[in-house]
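When the letters of the sequence shown are read in order and numbered with mature numbering (1 follows the signal peptide of the UniProt record, and there is no 0), they come out as residues -18 to -1, 1 to 75.
Structure, as structure tokens:
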Amino acid sequence: MKYLLFVLLSLFSLVATAQGDATAATQGQGATASANAEPYDYSEDLDMAKAVRADSAAASDCGPVQGHVIYVDGQGVRHEMNFIRLGNACQHG
């Protein structure tokens, strides 16, 4: 009986580790979209005239996920920015 319990817990641990590695790899894709992107600080005021592209990795997770946006400001200068947002799977209330 103890051997069976040990095997089941080991399998559960293996599956949980594999799932964690897959989640980390998915979140890493958004972070590597552009290494020269500036991180967003929520105290900043953005001058965003036009969003060119916006994406976020693992948006179906509940918790913080990495996002990336490319935008053009009011002067016509193109910027890239990384940000953290809450995933779509969370119950917001």
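Just so it is clear, CB atoms sit at the ideal spot from N, CA and C, and this is done for glycine as well.
- Under a 10 Å Cβ-count criterion, M30 is classified as exposed, with fewer than 16 other Cβ atoms of the shown protein chains found around its own Cβ.
- Scanning R67, A71, L(-15), Q73 for the CA closest to the CA of A36 turns up R67.
- Taking all protein chains shown into account, Q73 has fewer than 16 neighbouring C-beta atoms within 10 Å of its C-beta and is therefore exposed.
- The Cβ-Cβ distance between A71 and S42 falls below 7 Å.
- Taken atom to atom, the span from the alpha-carbon of V34 to that of N18 is near 17 Å.
- Relative to the Cα of F65, the nearest Cα in the group I52, V59, L(-15) belongs to I52.
- The three-state reading of DSSP puts L68 in strand, counting E and B together.
- Put simply, the backbone Cα of L(-15) is about 34 Å away from that of G45.
- By a beta-carbon distance limit of 8 Å, G69 contacts V47. Their separation comes to about 5 Å.
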